[in-house]
Every structure is written in C-alpha cells, then in structure tokens.
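Enquirer: Numbering (our numbering), first residue to last: 658 to 890.
#1: The beta strand (DSSP E) with residue 725 in it runs from where to where?
#2: On a CA-only basis, which of 824, 855, 809 and 663 is nearest residue 699? Give me that one, please.
#3: At 3 residues or longer, and completely inside the segment 695-763: list those beta strand (DSSP E) runs for me, N to C.
#4: Cutting at 7 Å between CB atoms, please list the residues of its own chain near residue 694, excluding the five before and the five after it.
#5: Do the segment 759-774 and the segment 675-689 touch if we need at least three Cβ pairs shorter than 8 Å?
#6: Let me know the secondary structure DSSP gives residue 807 once reduced to three states.
#7: CA-CA distance, residue 852 and residue 746?
#8: Are residue 801 and residue 769 closer than 8 Å when you measure CB to CB?
#9: Taking only three categories from DSSP, how would you classify residue 767?
#10: Please list the terminal residues of the continuous alpha helix (DSSP H) segment that includes residue 683.
#11: Taking only the alpha-carbon atoms, compute the straight-line gap between residue 663 and residue 817 and give it to the nearest angstrom.
#12: Determine the DSSP secondary structure at residue 829, reduced to helix, strand or coil.
#13: Could you pull out every residue in the same chain whose Cβ sits closer than 8 Å to the Cβ of residue 848, ignoring the five residues on either side in sequence?
#14: Suppose the cutoff is 7 Å on Cβ atoms and the five residues either side in sequence are ignored; what does the same chain contact list for residue 821 look like?
#15: Express the C-alpha separation of residue 671 and residue 704 in angstroms, rounding to a whole number.
#16: Taking residue 792 as part of the alpha helix (DSSP H), name the residues at either end of that continuous run.
#17: Rounded to whole angstroms, what is the Cα-Cα separation between residue 721 and residue 774?
#18: Buried or exposed: where does residue 740 fall if 16 or more other Cβ atoms within 10 Å of its Cβ makes it buried?
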C-alpha cells in the first residue's frame, strides 16, 4: 500500500485540509475567471510549495473537476513523493521529444487527478521552457483538463518559475512562515512582476494553529492573503 503525504487522507490533519479548501475557494472566486493554468512557487527551497500544489490539485479533483498536476521542478522533482509512487520518465523526455506526452502521464493517481511527473536531470534545463514544445504541451492539456497545476522551482534558485508564469493564468506564491528574508521575498515578487505574472495571492505555510512557527511538514494556517493586501506591507 503506497504511503501518500496528503492531508485529505489523514484525519489528524483535518484542520489543514480545511485550510486547503479555503485556498481552493479563494482561487475559485478570484477576479480573473481564467483559472485553467495555476502556477505554484516560492522564494526558496523547503517552504512547502510542492505540498501545497499537490493538496490544492487534489482538493479541486475531489470537487469533481478533471485536474493534472505537472512537476516542472526538473532539478528536484517532488510531486510523485506526495502520492507515494515512482516515475521512470518525466516532463524532460517529453520536452526533448524522447517520449510522447501520453506515455509519461500517470493516469488516475487519485480520482479525477492525473500527474505529469519529472525525473531529476541536473542543472541545465531552463532552455527547455523557452521553446514551442512547452506551449504545445500545455495547449494539449488544456483540451483535456479543467485545471492544470504547475509545481515550479523556487524563484531564487532558477528562472524557470518566472518563465513558466508567462504561460499560466495566475500564480500562488507560497511563503514559509519565519523562513524567508524580506529581500528574498521581494526579489521573487519582482521577478514575477517583470514577467507580467498575475499573482493570485500569497499562502503563508508552516504556521501552527496558535501562530508559532513549526519547522516540520504539514503545518498550515488559513492565512491566505490576496495580493492587493500583501502589496500594502
């Protein structure tokens, strides 16, 4: 039996699952009704963006929409870990023309949820997101899915997230509570703005119920901030 790192399958994390549902609802009622492609990123590693992306994708799938979660963090793929599965091939093989898209997609990982995984291939992968192939892939996925969730590398690690944001309808910016310096946060925000990204909002992650920082996996609050509020800080 595979071990899934998802809050919807853990009764002890029901309060966290509810926070994810709040995120889902807030995104559903954003001013922009174009919510076909949602990109999830962070400033630095280990802020929990992959966990947020996986649980958000699952929450939408549970609501009845057809969803695909795409692991665009080719340097350090994490999506399959959340679902307790393994992948032999991934997004890079499709981008390089070595594999067909359908041969790589993991279908029905959960009900209404498919995965397009990634496998680790080192550092020089940014150029893969500059060509026409990524556009073709996303256009093909749009025809089959109600929602495409892109899990991308942190903004201060690689430019991939900023590049991919040009293909997304909006961005969810994950911030680990008491983890990131203000300059890193502002640097990431500036990159997204320069790319013309539509920032849906900020998710403050790894916050315990009583508000104190928790370093281990799985502590979220429902501190979802609309970007307009965030800019005032």
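Built from N, CA and C at the ideal position, the CB exists for glycine as well.
Expert: The short version:
#1: Position 68 of the chain shown, counted from the first residue, corresponds to residue 725. Its beta strand (DSSP E) spans residues 724-728.
#2: Taking the chain shown and counting its residues from 1, one reaches residue 699 at position 42. Answer by Cα proximity: 809.
#3: 724-728
#4: One-based indexing of the chain shown puts residue 694 at position 37. Excluding positions up to five away in sequence, the list reads 795, 805, 807, 824, 825 and 826.
#5: no
#6: Numbered from its first residue, the chain shown carries residue 807 at position 150. If DSSP states are grouped into helix, strand and coil, residue 807 belongs with the strands.
#7: Walking along the chain shown from the start, residue 852 turns up at place 195. Walking along the chain shown from the start, residue 746 turns up at place 89. So the two alpha carbons sit approximately 30 Å from each other.
#8: In the chain shown, the residue the question calls residue 801 occupies position 144. In the chain shown, the residue the question calls residue 769 occupies position 112. The answer is no: Cβ separation not under 8 Å.
#9: Taking the chain shown and counting its residues from 1, one reaches residue 767 at position 110. Residue 767: strand per DSSP, three-state reduction.
#10: One-based indexing of the chain shown puts residue 683 at position 26. Run containing residue 683: 671-685, per the alpha helix (DSSP H) assignment.
#11: In the chain shown, residue 663 corresponds to position 6, counting from 1. In the chain shown, residue 817 corresponds to position 160, counting from 1. Distance between the alpha carbons of residue 663 and residue 817 is about 26 Å.
#12: Position 172 of the chain shown, counted from the first residue, corresponds to residue 829. Strand, per DSSP.
#13: Within the chain shown, residue 848 is the residue found at index 191, counting from 1. Sequence-distant Cβ neighbours of residue 848 in its own chain, meaning closer than 8 Å and more than five residues away, are 812, 816, 818 and 819.
#14: Taking the chain shown and counting its residues from 1, the one referred to as residue 821 is at position 164. The answer, listed in chain order, is 696, 729, 786, 807 and 809.
#15: Translated into the one-based positions of the chain shown, residue 704 becomes position 47. Translated into the one-based positions of the chain shown, residue 671 becomes position 14. C-alpha separation (whole angstroms): 20 Å.
#16: Sequence index remark: in the chain shown, residue 792 carries index 135 (1-based). Counting along the chain, the alpha helix (DSSP H) containing residue 792 begins and ends at 789-799.
#17: Taking the first residue of the chain shown as position 1, residue 721 is located at position 64. Taking the first residue of the chain shown as position 1, residue 774 is located at position 117. Residue 721 and residue 774: Cα-Cα distance of roughly 22 Å.
#18: Taking the chain shown and counting its residues from 1, one reaches residue 740 at position 83. Burial state of residue 740 is buried, judged by a 10 Å Cβ sphere holding 16 or more other Cβ atoms.
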